[in-house]
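Taking UniProt numbering, I'd label the letters of the sequence shown as residues 1 to 684.
Ideal placement from N, C-alpha and C gives every residue a C-beta, glycine not left out.
Because the structure is a prediction, the values reported are computed rather than measured.
These notes concern the structure reproduced below.
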Amino acid sequence: MKHLKFVLLLAIAANFWECGDAKFGEKGELSPRRRRCYDGSLPKRLKKKERKLSLDGSDGGEVCHRLYPRVSCCPSRRMGNKCLSIGNESHLSEEIKCAHCSPHAQMLFHSPKLEKAPHREQDLPHLCHDYCQEFYYTCRGHVPELFQADVDEFCQYYGRKDGGLCFPDFHRKQLRRDSNYLLDENIEVINRKHKHNCYCTQEILSGLRQPVGMVHCGDGSQRLFIFEKEGFVRILTHDMELLKEPFLDIHKLVQSGIKGGDERGLLSLAFHPNYKKNGKLYVSYTTNQERWAIGPHDHILRVVEYTVSRKNPNQVDTRTTRVLMEVAELHRKHLGGQLLFGPDGLLHIFLGDGMITLDDMEEMDGLSDFTGSVLRVDVDTDWCSTPYSIPRNNPYFNSTNQPPEIFAHGLHDPGRCAVDKLHMDTNGSLLILCTDTVGKNTTTGRILLVIKGKDYENEPSMFDLGSNEGAVPVGGFIYRGCQSRRLYGSYVFGDKNGNFRILQRPSEDRSWQEKPLCLGTGSSCGSSLVGHILGFGEDELGEVYILASSKSTAIQSHSGKLYKLVDPKRPQVPKECRRPVEDPEMLSNACSRECKNGHCTPTGKCCCNSGWEGPFCLLAKCEPACRNGGVCVEPNKCLCKEGFSGSQCEKGDRGTRGDGEKDSILEHIIDMTSYLLDLTSYIV
1 MKHLKFVLLL AIAANFWECG DAKFGEKGEL SPRRRRCYDG SLPKRLKKKE
51 RKLSLDGSDG GEVCHRLYPR VSCCPSRRMG NKCLSIGNES HLSEEIKCAH
101 CSPHAQMLFH SPKLEKAPHR EQDLPHLCHD YCQEFYYTCR GHVPELFQAD
151 VDEFCQYYGR KDGGLCFPDF HRKQLRRDSN YLLDENIEVI NRKHKHNCYC
201 TQEILSGLRQ PVGMVHCGDG SQRLFIFEKE GFVRILTHDM ELLKEPFLDI
251 HKLVQSGIKG GDERGLLSLA FHPNYKKNGK LYVSYTTNQE RWAIGPHDHI
301 LRVVEYTVSR KNPNQVDTRT TRVLMEVAEL HRKHLGGQLL FGPDGLLHIF
351 LGDGMITLDD MEEMDGLSDF TGSVLRVDVD TDWCSTPYSI PRNNPYFNST
401 NQPPEIFAHG LHDPGRCAVD KLHMDTNGSL LILCTDTVGK NTTTGRILLV
451 IKGKDYENEP SMFDLGSNEG AVPVGGFIYR GCQSRRLYGS YVFGDKNGNF
501 RILQRPSEDR SWQEKPLCLG TGSSCGSSLV GHILGFGEDE LGEVYILASS
551 KSTAIQSHSG KLYKLVDPKR PQVPKECRRP VEDPEMLSNA CSRECKNGHC
601 TPTGKCCCNS GWEGPFCLLA KCEPACRNGG VCVEPNKCLC KEGFSGSQCE
651 KGDRGTRGDG EKDSILEHII DMTSYLLDLT SYIV
């Protein structure tokens, strides 16, 4: 009996020992009896001499023997690459090629789920979920045929989520090199420090004056464009240098509010998707309709187009302004004004209801029908008379009751809306999410899924937020970055008081699920978010920024700060997230070089100013035309030949012989030469 108890104790101890080394979500090490190679054979135990050479790296370094130093399915050091053929020589490519050497290869490769995968490669193992995402981002550029799906769909098929065996089934420290994975030694220390899975807000910049938003221009320079409520746009370079000269200065045009709740000011900035070539950007702001008028009833919301300077890529040429639209506003709240380009290349304009009631609409003339709506227009037009065209699939394109620009309506006080840049179905529908209030005099929030033609005055919201101590929802973003990959595909939103939450959707046919977003304190993160939330921003890599100020109403105060949302369990810039930085370039297209007396459309057509004509507006028009050989050099201004004068060169000077009276060919040549020299010097 004692002998039987002893055997049972040994069995329990052996089982405990086998399960004690669980990692990467495994339930435990598989029993040696269940270890099988890919072909079903038993793995081989390496000789002590080879094991020592492999671990020391003194034999030239066989990676697979270092990963599986005791038991392996590749007893020969000169094994062929049976797994994927990956062009880059990263540590992931070296690891994944060794999957066939695992003593658990049969379990890693044979799975009903993998066999049914639409993007299935026969030699791809069952990947641990975190490793799957890292593998996707690192190797998708080298094996494009394997990565036809997005990261969520890819890891849905290849990622192990049920706690079973998955690759890598070894400690990655055995590679003895830097790793971005969660088991790196430095990351383990941070993991213990951030045991509650909180995120951090890293302070990037301070000393800003009421920053309300931040965008990038998408030209590869990775510059951040921070716009301040008073009417300035500042550039923060990739090297974290805030340029002294503003990118755009329109503070003399902008009417900005200084009291709490006054939303007037510079509202939004959006760069054209083809900005690198055409230099177009779009700005919305509030201004006085008449300079002599006072009070809140006279200001308007204006949307304008600008072009970057041909001589300085860090400055806008304010002479290139073109007004797209103007919306009359009665009050200083619920203005909206966000500008947003979707993956379809169309400009979306989000407008609040302006606190305008039905009585206001009936009693006052001149109020816009655009209030409380999402507008959608196409700025890529060759028309010189109008700055945009109406997309033919707008819901009210042929309507006589609604403006054709309207895409959806019924909004009250939209915060920062977000569009998923990776989502557009076969019908061209986008995933657009907006925070909003449920009425005109309430802080109760809601989240809207903006769909073409919907009226959100009556349409149910996608998610109800409830009232949060009077804090109005500021907006949110759909995270498509790389550093905080736990947030990938999530909708993160917050209110003015700094309360952040997450909406996640396991798949497109599932409903959104809410949970709070934990932000670490200064003791665990080094810095923490302080003050009122003013807006959000996104850089070229998809990373998200938060703009805040400790003084919400003092517009002259330099209390604004820029924070970056980071995952403390990951390096600040993981290797797989890095992108080359390009120097900003000056405009070089033909229209920007040659169109001197007109403006260029976003498509590159030169539209002439009044009095000019020709392909690039280089020919002046004189009406009536110049006479007696005169040349039109400016609109309605003729340069006359010698002996003639007048606005059309119609008068002959006294005492001067006409062309018919000249009795010498030489004198005629000299006269024409002098005339051409005068004309050339005038043009130069």
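Annotated three-state conformation of D455 is strand, per DSSP. For L529, the closest alpha carbon among the candidates C217, S559, A620 and H409 is that of S559.
Judged by DSSP in its simplified three-state form, S284 adopts strand. Here the alpha carbons of V316 and G652 stand approximately 48 Å from one another. Looking only at L339, H334 and L541, the smallest Cα-Cα distance to M325 is reached by L339. Between the alpha carbons of P403 and S268 lies a distance of about 23 Å. The stretch 375 to 387 makes contact with the stretch 332 to 347: 3 or more CB pairs, one atom from each, lie closer than 8 Å. Burial of A418 is indicated by the presence of at least 16 other C-beta atoms within 10 angstroms of its C-beta. The stretch 526 to 546 and the stretch 400 to 414 do not touch, with fewer than three beta-carbon pairs separated by less than 8 Å.
Per DSSP, the beta bridge partners of S645 are K651. Measuring C-alpha to C-alpha distances from E634 to each of G279, N597 and A328 identifies N597 as the nearest. With a cutoff of 8 Å on beta-carbon distance, Q222 and D567 are scored as not near each other.
Cα atoms of I235 and G337: separation of roughly 21 Å, rounded to the nearest angstrom.
When secondary structure is reduced to three states using DSSP, T386 falls in the coil class, being assigned neither helix nor strand. Between N314 and P624, the gap from beta carbon to beta carbon reaches 8 Å or more. Considering only D495, D455, D464 and A471, the residue with the shortest C-alpha distance to F477 is D495.
Each of I447, A590 and L281 was checked against the Cα of G466, and the nearest Cα belongs to I447.
Under the three-state reduction of DSSP output, D380 falls in the coil class, being neither helix nor strand. Residue environment for A620: buried (at least 16 other C-beta atoms within 10 angstroms of its C-beta). By the criterion of a C-beta distance shorter than 6 Å, M214 is surrounded in its chain by L224, I226, G537 and Y545, once the five residues flanking it on both sides are discounted.
Of the candidates H251, C525 and F271, H251 places its Cα closest to the Cα of E230.
C-alpha of G220 to C-alpha of G630: approximately 50 Å in a straight line. Inter-residue distance for M586 and N278 is about 10 Å (C-alpha atoms, whole angstroms). Relative to V304, the option among L347, S399, K561 and Q504 whose CA is nearest is L347. In the three-state reduction of the DSSP assignment, L340 falls in the strand class, which pools E and B. Pairwise C-beta distances place the stretch 92 to 109 in contact with the stretch 35 to 50, as three or more of them are shorter than 8 Å.
Counting only the Cα atoms, G345 lies some 18 Å from S284. Residues of the same chain with a CB within less than 6 Å of the CB of R505, apart from the 5 flanking positions on each side, are W512 in chain order.
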